[in-house]
Structure formats: C-alpha cells, structure tokens
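Protein chains in written order, with this note's numbering: chain H, 1 to 352; chain B, 353 to 704; chain C, 705 to 1056.
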Amino acid sequence: MKITLKEIASLVGGEIEGDAGTIITGASGIKEAVEGDLTFLANPKYAPLLQTTRAAAVVVAKGLKIGSACPMVRVDNPSFAFSKLIEIFGPKKPEFPKEVSKRAQVAPTVKLGKGVSVGPFTVIEDGAVIGARTIVRSGVYIGHGTVVGADCHIFPNVTIRERCAIGNRVSIHSGSVIGSDGFGYVAVKGVHEKIPQIGTVVIEDDVEIGSNVTIDRARFDKTIIRKGTKIDNLVQIAHNCDIGENSIIVAQVGISGSTSIGKNVILAGQVGVVGHVTIGDNTIIGAKGGVSKNVPPNSYYIGIPAMEGKAFKKVHAALLRLPGLIAKVRGLDGKAAGRGKGGAGDAEAADN
Amino acid sequence: MKITLKEIASLVGGEIEGDAGTIITGASGIKEAVEGDLTFLANPKYAPLLQTTRAAAVVVAKGLKIGSACPMVRVDNPSFAFSKLIEIFGPKKPEFPKEVSKRAQVAPTVKLGKGVSVGPFTVIEDGAVIGARTIVRSGVYIGHGTVVGADCHIFPNVTIRERCAIGNRVSIHSGSVIGSDGFGYVAVKGVHEKIPQIGTVVIEDDVEIGSNVTIDRARFDKTIIRKGTKIDNLVQIAHNCDIGENSIIVAQVGISGSTSIGKNVILAGQVGVVGHVTIGDNTIIGAKGGVSKNVPPNSYYIGIPAMEGKAFKKVHAALLRLPGLIAKVRGLDGKAAGRGKGGAGDAEAADN
Amino acid sequence: MKITLKEIASLVGGEIEGDAGTIITGASGIKEAVEGDLTFLANPKYAPLLQTTRAAAVVVAKGLKIGSACPMVRVDNPSFAFSKLIEIFGPKKPEFPKEVSKRAQVAPTVKLGKGVSVGPFTVIEDGAVIGARTIVRSGVYIGHGTVVGADCHIFPNVTIRERCAIGNRVSIHSGSVIGSDGFGYVAVKGVHEKIPQIGTVVIEDDVEIGSNVTIDRARFDKTIIRKGTKIDNLVQIAHNCDIGENSIIVAQVGISGSTSIGKNVILAGQVGVVGHVTIGDNTIIGAKGGVSKNVPPNSYYIGIPAMEGKAFKKVHAALLRLPGLIAKVRGLDGKAAGRGKGGAGDAEAADN
C-alpha cells in the first residue's frame, strides 16, 4: 500500500485538511499506528492521542475540533469510512475454493447454488439447500432439510441441526450450535420426561452470530432471529424466542424461553432475561442486568432485578450511603432515648 | 395426519368434552395453532387464549374451568399427554444408519454394541465401548477407554475425553466437552504449576446435556452427574462436583469445584455456586443467584450473595424505599437539630 | 504401583514421620483414599479428615500440627509434591502417534516441526507453522499463516483462525475458538455495518486455555494473552484485550473490548469487565463482580458494580439491616410526630 492522502479522500468522499500529498503506507488504530499509517478518530475521548500518534494522517468527523497539526480527511462517519479503507488495504482474506471438498460428505439430495464452497470433513444431510456463493467451512454439520441462503459464511466446526432456515448474508462463527432441542421437561412422578421440540430456528438476512453461541429450536413453531441482528460470543437463546431486527446481543447474554426482544434493542454483556416476557423496541439493558418482567420500549434498564436506569442510579447511590445512615439513625435514636422511652427499642431487636 | 378427537382421546386415555368426531389434521401451540390443529393448555395463565385460538380442539387438565366452547380432551397432565401425541404425529426424526461410517476412525480395540451408528469424521479411541443402539453422530471425539451406554445419542461435534463413563439413554448435544482437565494449579515461585487431573467424569442414566456445556474431570476420583438430571446449554461444571438425581441446571450456570448439589434441585439461569459447598435436596436457587455457602434442603435462595427468598424479598423491597428513607432521616435530623445539637452531625460526615 | 514411604520421600525431598517402610500401592484425595493409598493435606481445613482417612500415609506441610498417627512425608508444598508423584504413578496418559494422520488435510506449504502429531479430520491451512513435538488432535482447524509453537497440545475440535500466534507449551482444550472476528459494528442509517477485524490473537508461552473459550481477534493490532496465564472454561475475551502474565481467569468470565488486565490478577467465576478499562497487577475480583471502571493494583474488588471489598462488606451488612432500620425510623418518626408536625411526612410520600 502506497497512496496519497488525496486518493484516500476521494475513495471515501472526504475533505482534506493539511498536505494532500502526504504518503500513506498502512492503516492502524490511533495507539498502534506507526510512521506512514493512516488512522482515525471516532471517539472524541481519544482526541488527545492525536498529539502523540505517529500516524501520518487521520480520518476524523466533520466539525470536530482537534488541536493537532496532523493532516486530516474529514468525513461524516470516520469509523465507517475507515472500515471501507481497511477492506481495500487490509490483509488479504483467506480464499476458499468454490467447490465441494472430496473429503466432505454431502448427501445426494442436497441442492447447492452456484459458487458454493464446502470444506473437508463437513457433513450436509439429505434435503438441505445451500445458496449461491455461500462458504461452508470444514468440520461443519448441516442437518436434514436445513436451508442456508446465499452469500453466507459458516465458519469451521459449526453445527446447524435439521429443518432450520438461514437467510442471506448470514455469518455463523465457529463452535456455534443452531437448532438444538429446547430445554423442556414435564415432571411425571418425580421424573423429568422430555417434551419433544419439533419446531425450528429461523435466522433472517444479514444476521451475524459469534462463536460458541447456542440457539435452541422451538417447541412447536420457530425460534426467530430477525434481520440485521448481531449476536456476540457464548450467547444462549432458548426455544421460542423472537429477537427483533437490528438488535445487538452482547457476549454471554442468556434469554429464556418464549421471550420477545424488540427492534434496535441492546442487551449488554452477561444480561439475563426470564422467559415469557417482552422487551420493547430501542431499549437498552445494562451489563449484567437481570430482566424479570416486561420492559417498555425506548428505556434503559439495569440491575438485578432490572429497574429503570435513573431509579437504579438513585437506589445505588443511596445504598453506598447506607452504612452512614445507620450510624446517623443510631445517633437520632440515642437522642430520642435520652428524652424518653419509646417503641424504637423494639425495632432494634428486629434489626439483626 | 387426519384423525378424530375420539381416537386422540383413546391414545392418551382422556375424556372428551364436545364433538368426538372433530377432525384433527395437525398439532401446535395455542398461539401458533391453525385450523384443524390440536393444541393444549398446561399453564392456566394462557386460558384466555382459548377464546381466540384457531385450534380445532384442546388437551386440558381435568377439573380446570375454562369458558370456551372448543372441543376438549381432559387428561391428568396435558403437557405430557400432548408430548406423547407429538411423538406420534410430529415431523419424522432424521434417521441414522445402524453402522459405522467408512469415514469414521474407530480404533480396532473399540467394542461396539448391536445397532450402533457412528457418523463420518468421528474418532473413537482404543479401548472405548459403545452400548447397543447408541447413535454417535459426525465430528464426535470419544477418548481412550471411555464407556458409553446403550440407547444414547451423542450429537455432532461433541468431545468426550478418555476414561469417562456415560450411562444409558444419555443425550449430549453438540459442542459439549466432557472430561476436560479440571482447573487446578499450585503457585510455585509466582508461577502456576498445573495440578494433574487424573480423575474422570461419570454421567448416569437418563441424563440430558445441552449444547456447548463443559464438565471437567476430577482431580482424583470422579465428577458425577447422577441419574435423570437435565443440563441446559453453556453450563460449566468444575472438577469433583457431585450433581444429584433429577436436578435441573438451567443455561449458563457455573458450579465451582468439589461442590455437591442434592436431588431435585433447580439452579435457574446464570446461577453461580462457589466451590466446596453443598446445596440440599429439593432446593431452588433463583436466576443469577450467587451461592457462597451451604444451602439447606427444601429452600428457595436468591440474590448475590444468595439468601433465603423471603429475606431477599424484604431486603429488596426495603432497598427500593432507601432513597425516600434517607430524605426522611434528613428531615428527622433537621427537627432534632432544631431542638439542640447532637452527635448525628458526625454520622453525616461518615455518610459519603 | 508398590513402593515404600522412604522411596516416596526421596522422590520429593521430604522428611518422614512414622514408619518409613509403609507400603504405598496407590494415590488419591483424602476423602477417596482406600487402603494402601498415599494422600496429601494442602488445606488445613481438611486436617480432621486425617482421623478417618483410610490412606496409608499422607504428604503434609512442614510445621503443620496434625493430631494423627498416620505416617507422613513432610514437604514445603504438599500439593505440588503430590502432583509430581501423581505424574509418576497416575494413570498412563493417552499417546498420539508422532505423525500426520492420512485423514488430516494439511496444506503443502505448512511447516511441521520434528515429532509433530496431527490427528484425523484436522485441517491446517496454507502457511501455518507447527512447532516441534506439538500435538494437534482430531477435528481441529488451524487457519492460514497461524503459527503454533513447540510442545503445545491442541485438543479435539479446537478452532484457531488465520494469522494467530501461539507460543510454546500452550494447551488449548476442546471446543475453544481463537481468533474469531471481534464484535464491532458502526450504525449507518439504522443498520449495523460490520467493522473489519484485521488484527490477530497472540497467546504467549505456558498459557492454558479451557474448553469452549472464545478469544476474538483485534480490530487492528492484537488481542494478547501473556505468558503463564491460565483461562478456565467458557470464558469470553473480546477484541484488543491485553491479559497480563500469570493471571487466572475463572470459568464464564467475560472481558469486553480493549480492556487491560495486569499480572497475577485473579478474576473469579462469572466476573464481567467493561471495555476500555484497566485492572492493576495482583488484583482480585470476587465472583460475579461487575467491573465498570479502572481498578488499582493490589486490590480486592467485588459487587455489581464492583467496589473495594471492605466497602462492599460494610454496605452488604448494612443492607441486611435495612428492613429493621426502616421500622426503627418509622418509630422515631412516630415519636417526632407525637411532639409536633414536621416535614418528614413529605418524605414518607416519596417513600414508595
């Protein structure tokens, strides 16, 4: 890579400040940048780093004031513009042959679209359909009758059980399991009898699923992940859940059965949601929150059990003052006792 | 599927209310049901849905009053009866050839029972034993000397390490790892030296293990999961644990080393249990609970650290009132101060 | 195994108390020990078990007083000494042929050190390097250009993506995924556009990684796990994290992006750490703690959000007294009200 800042600016439709002839030889984050690198500034919190960065130039938001002499390209969305540049100049992605490995086991009734790649030691069962240009890597299992759309990337060692439906441009990272049996039993004379889980999993277009995620099949109908939603690593989604469009489910979140999550929802890391509740559109649940009932749209909830964010802040601040409060009440009680006997002494007994 | 309600009733030993000649053409949940479907009502909370369901008939508990003209089959346990019917009428389960795939690698000393199925790209090491009719799917690893019982189902991409013992009718879902080394080190001059984990894992009859679960082998003896216990996805069970019979371990629970869990225990989602403690029989730990010491039998504990459920409820309700309490004490203090100076002002200083 | 206590003592440089001729025929934990077994006592809490153990002899710390007539070997570190003995007398570890299985798919450009073992159904892509004596088991995936050092053990069904660097003497247990894409998107007109993750993962010497762990590749530079650190099962480490030397990350911990963890840190089970913070050297975070900001070195933090351990203890103890406190304040308020009206009544209204 060797390119002028002027060329960079034209690739992303940006405006140059400083020397348009600056030579760019690489791209990197603001801390890691070495001489000749292009970097970017998305979070104004990191602006002071521009004083010390070794980068040759920076992609930065229009209108953001930064006291730096570093040559700049001004764009609307620096992170997005930089991503586009990285795709052009970054390390070459590994390529996979557009053919079925002789060491894969693909049942004769499987329908493969044009340009499909199937890696070695992968099993695709009877009646499955794989859309055009989809890459199914090695060690993958795709069950009977499962349909995978076009332009998907199924990474090594993924398991997708029978009768699931995966949309277009879906990525599923290694170790994830789609369509396992939902966790359902009925107690009969003290023994847990398995409830058959005959439903399926539907994953719509443009969903990305991280590594070692588990998404269970529905009891009857379908567990559904709607289009554009992104799921991080080690997330658990139980049977019959309905996850709305363009939501973000961060790592180690667990969602219990039959729960509905709206559109544009963010569940931060390690959140847990009980079964049979609804979280409204555009709502954010803070990290480690435990959602135990319906949450309205456009809210921010946090805590265990989760409560409205402002209430949580107030309660938590109060909690930190509690040891002092107890001392103060003891003082007040002492004064009250000094003036006469009262019922408060009984409360003291209940105090332990 | 095309069958009369009368035939349905006879299959599950139920009593008909309404038209015994009602034709059933499918089966589904109460919300998803379409015309001709049989549905069921297990949770009385959903009874109002019977007013609007399109189902042709419903399986319902004896004695439960429901204001609906929908034809019914009355049984003792609707969920269980419906499960039986689903097994008869539901989608056909995939079948796997009762033979060893030529693409599996099964060591010559492995003993296989009658009717065993071994999928492609599966490895079974020297000295392992696989019981009759057990299905070992593709991409599975079964280590040296491990014994798997009869009628088990080991799903794709499961790993079972050496010298483990799996009972009869055990299901282990995809991505789970049984018998990894326990997490044990001893600090020697600031370096963590590994403690050998020479024990094993024993999984008794009728246990079901979800996807991407990890169960570590014991340091010396055995980590044991007793009969009839059901384990959900992404659960961690550390070395030397003893999990009692017919317990339910919900998704993302973590149990630290050498802990004993009783019979018929329920650990709800994302519960954590410290090492070297005991949870008594029939106890329930609420979701996200953090168990830090022994819990007696027949209890309900919740919270971090976990406490008795009623105490938790009281403390939590009090916590929500805390901001108001602080305001009230400030008021009382003001009144007290108005009447004379006291020590409470010092408590105020400790208040921050 | 049949050996005298005298020989045992000489193997670990210990001092004998009692009959040096005691015959040892096995080794086990203090509870599981049977006749003829050697056992050990590391945790003084278990000393009373020496009264009832059936063990023939015990390895115990110098200077520890135990009221038992059991023959002993006194050493500095009983746990470590016993581990050494177990390696000599324990069950033989499975061995793997020092060759590449014909059923592995190893690209022609892969460089293999001396004595490397590659199991069946494993894929090693172009440009990868595997160091001497490293064991790569079955069903493993190693991506393009990834370098694995010498004397490593990569267990079955592990996935290591392209361009990662693994040091020497590293163990990675089954189901773990190293080098998946970091979880990064930028919102463009309501749609989450993927941010390319072109960095890598570096795992230094003597690291052990448990089962079903996920470690994401960096956005630009590297996610790094420094030497000697041990990671338990089901841990999530996000992109750009820097985990210091000799740290212990217990099961189900989640560490968000760009966070730095110091040396000799312990993160207990189910801890969560937000992104872009630093945890200082030698710090311990208690189980289930939620770290939301920087934590200084040499500290103990716990709670959600995590706070200094002593403060947490004080606050938690106060919390348990809160229901009693509310009753007491009601009593005080009643007395105040009896003496005259005040503003506290308004606070009562705010109380719900």
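Built from N, CA and C at the ideal position, the CB exists for glycine as well.
For clarity, every value in this text was computed on a predicted model and none was experimentally measured.
Tell me, please, whether the CB atom of H/Phe121 is closer than 9 angstroms to any CB atom in chain C? Residue numbering aside, residue 121 of chain H sits at position 121 when the first sequence is read from its first letter. So, interface residue.
Can you confirm whether B/Asp533, when its beta carbon is compared against all beta carbons of chain C, has any partner nearer than 9 angstroms? By 1-based counting over the second sequence, the position of residue 533 of chain B is 181. Chain C, which has a Cβ nearer than 9 angstroms to the Cβ of B/Asp533, makes this yes.
Quick one, which of B/Thr377, B/Glu451 and B/Gly365 has its alpha-carbon nearest B/Lys414's? If you number the second sequence from 1, residue 414 of chain B lands on position 62. Looking at the Cα atoms, B/Gly365 is the closest of the given residues.
Within chain C, partners of H/Ser79 - CB distance below 8 angstroms: The residue you call residue 79 of chain H lines up with position 79 of the first sequence. Near H/Ser79 (Cβ distances below 8 angstroms), the residues of chain C are Val890 and Ile899.
Are any of the Cβ atoms in chain C nearer than 9 angstroms to that of B/Leu674? In the second sequence, residue 674 of chain B corresponds to position 322, counting from 1. With 9 angstroms as the cut-off, B/Leu674 counts as an interface residue toward chain C.
Where H/Ile30 sits in the DSSP three-state scheme: Position 30 of the first sequence, counted from the first residue, corresponds to residue 30 of chain H. The answer is coil: DSSP assigns H/Ile30 none of H, G, I, E or B.
Please tell me whether B/Ala639 and B/Gly624 are closer than 9 angstroms, where the distance is taken between their beta carbons. Counting from one through the second sequence, the residue named residue 639 of chain B turns up at place 287. Counting from one through the second sequence, the residue named residue 624 of chain B turns up at place 272. No, these two residues do not count as a Cβ contact at 9 angstroms.
Cβ-based contacts, 7 angstroms cut-off: residues of the stretch 439 to 451 of chain B near chain H: Glu439, Gly442, Pro443 and Pro446
State the beta-bridge partners of C/Arg778 as determined by DSSP. Here residue 778 of chain C is taken as the residue at index 74 of the third sequence, counted from 1. Partner(s): C/Glu719 and C/Val764.
Quick one: does H/Glu17 have its CB under 9 angstroms from some CB of chain B? Residue numbering aside, residue 17 of chain H sits at position 17 when the first sequence is read from its first letter. Look at H/Glu17: its C-beta is not under 9 angstroms from any C-beta on chain B.
Does chain C have any CB closer than 9 angstroms to the CB of B/Ser608? Within the second sequence, residue 608 of chain B is the residue found at index 256, counting from 1. Contact with chain C is found for B/Ser608, since one of that chain's Cβ atoms lies less than 9 angstroms from the residue's Cβ.
Could you say which of C/Val822, C/Pro775, C/Ala922 and C/Cys945 lies nearest to C/Gly958 if we only look at CA atoms? If you number the third sequence from 1, residue 958 of chain C lands on position 254. Nearest C-alpha to C/Gly958: C/Cys945.
Establish whether the CB of B/Asp584 and some CB of chain C are separated by less than 9 angstroms. Position 232 of the second sequence, counting from 1, holds the residue named residue 584 of chain B. It does not; no Cβ of chain C falls within 9 angstroms.
Taking 9 angstroms as the CB-CB limit, is B/Ala603 close to chain H? Position 251 of the second sequence, counting from 1, holds the residue named residue 603 of chain B. Closer than 9 angstroms to some Cβ of chain H, the Cβ of B/Ala603 qualifies, so yes.
Buried versus exposed call for B/Asn429 [16 or more other C-beta atoms within 10 Å across all chains shown]: Numbered from its first residue, the second sequence carries residue 429 of chain B at position 77. Per the 10 Å Cβ criterion, buried.
Figure out for me which residue from C/Gly725, C/Lys710, C/Ser787 and C/Glu711 has the closest Cα to the Cα of B/Ile550. In the second sequence, the residue the question calls residue 550 of chain B occupies position 198. When only C-alpha atoms are compared, the closest one is C/Ser787.
Burial state of C/Leu971, where buried means 16 or more other Cβ atoms lie within 10 Å: As a working mapping, residue 971 of chain C is identified with position 267 in the third sequence. Buried, since its Cβ has 16 or more Cβ neighbours within 10 Å.
Among the residues of its own chain, which have a CB less than 6 angstroms from the CB of H/Val110, if the five just before and after it don't count? In the first sequence, counting from the first residue as 1, residue 110 of chain H sits at position 110. Counting only Cβ-Cβ distances below 6 angstroms, and skipping sequence neighbours, we find Ile124 and Ala128.
For H/His153, name the three-state secondary structure that DSSP assigns. In the first sequence, the residue the question calls residue 153 of chain H occupies position 153. Of the three classes helix, strand and coil, the one that applies to H/His153 here is strand, per DSSP.
Between which two residues does the beta strand (DSSP E) carrying H/Val177 extend? The residue labelled residue 177 of chain H in the question sits at position 177 within the first sequence. Counting along the chain, the beta strand (DSSP E) containing H/Val177 begins and ends at Val177 to Ser180.
From which residue to which residue does the beta strand (DSSP E) around B/Ala539 run? As a first step, residue 539 of chain B must be located in the second sequence, where it is residue number 187. Note, B/Ala539: beta strand (DSSP E), Tyr537 to Val540.
Within chain H, the residues that B/Glu477 reaches when beta carbons sit closer than 8 angstroms: Here residue 477 of chain B corresponds to residue number 125 of the second sequence, with the count starting at 1. Neighbours of B/Glu477 on chain H: none; closest Cβ ~17 angstroms, over 8 angstroms.
H/Val87, DSSP secondary structure in three states: Counting from one through the first sequence, the residue named residue 87 of chain H turns up at place 87. Contrary to the premise, residue 87 of chain H reads as Glu rather than Val in this sequence. Residue state, collapsed to three classes: helix.
Evaluate B/Glu369 with the Cβ neighbour count: other Cβ atoms within 10 Å of its Cβ, from every protein chain shown; 16 or more gives buried, anything less gives exposed. Counting from 1 along the second sequence, the entry for residue 369 of chain B is found at position 17. By the 10 Å Cβ count, B/Glu369 comes out buried.
Counting C-beta neighbours from all protein chains within 10 Å, is the total for C/Gly725 16 or more, i.e. buried, or is it exposed? Here residue 725 of chain C refers to the residue found at position 21 of the third sequence. Classification of C/Gly725: exposed, given that the 10 Å Cβ count is below 16.
With 9 angstroms as the C-beta to C-beta threshold (strictly closer), list the residues of the stretch 644 to 664 of chain B near chain C in chain order. Ser644, Ile656, Pro657, Met659 and Ala663
Using a Cβ cut-off of 7 angstroms, pull out every chain B residue sitting near C/Asp1037, in sequence order please. Mapped onto the third sequence, residue 1037 of chain C falls at position 333. Lys680 and Leu684, listed in chain order.
Along chain H, which residues have their Cβ under 9 angstroms away from the Cβ of B/Asn598? Within the second sequence, the letter at position 246 stands for residue 598 of chain B. Simply Ala187, Gly190, Val191 and His192.
Would you verify that the beta carbon of C/Ile834 is, or is not, closer than 9 angstroms to some beta carbon of chain H? For the purposes of this step, residue 834 of chain C is identified with residue 130 of the third sequence, where counting begins at 1. No, no contact with chain H.
Using DSSP with H/G/I as helix, E/B as strand and the rest coil, what is B/Asp311? No answer is possible for residue 311 of chain B: the residues shown for chain B start at 353 and end at 704.
Determine which residues share a DSSP beta bridge with C/Ala869 and list them. Residue numbering aside, residue 869 of chain C sits at position 165 when the third sequence is read from its first letter. C/Val851 and C/Val906, per the DSSP bridge assignment.
How would you call B/Ser362, buried or exposed, if buried means at least 16 neighbouring beta carbons within 10 angstroms? Indexing the second sequence from 1 puts residue 362 of chain B at position 10. Result: exposed.
Cutoff 6 angstroms; reference H/Lys2; Cβ partners in own chain excluding five residues on either side: Translated into positions along the first sequence, residue 2 of chain H becomes position 2. A distance below 6 angstroms between beta-carbons, with the five flanking residues on each side excluded, links H/Lys2 to the following residues of its chain, in chain order: Thr25.
The stretch 444 to 464 of chain B contacting the stretch 381 to 397 of chain B, beta-carbon criterion three pairs below 8 angstroms: Contact between the stretch 444 to 464 of chain B and the stretch 381 to 397 of chain B is absent, with fewer than three C-beta pairs closer than 8 angstroms.
Proximity to C/Thr756 [Cα-Cα], best of C/Arg1025, C/Ala773, C/Asn1002 and C/Ser878: The residue given as residue 756 of chain C occupies position 52 in the third sequence. C/Thr756 has its Cα closest to that of C/Ala773, out of C/Arg1025, C/Ala773, C/Asn1002 and C/Ser878.
In chain C, which residues lie less than 8 angstroms from H/Ser28 when you measure between Cβ atoms? Counting from one through the first sequence, the residue named residue 28 of chain H turns up at place 28. Residues of chain C passing the Cβ test: Phe924 and Asp925.
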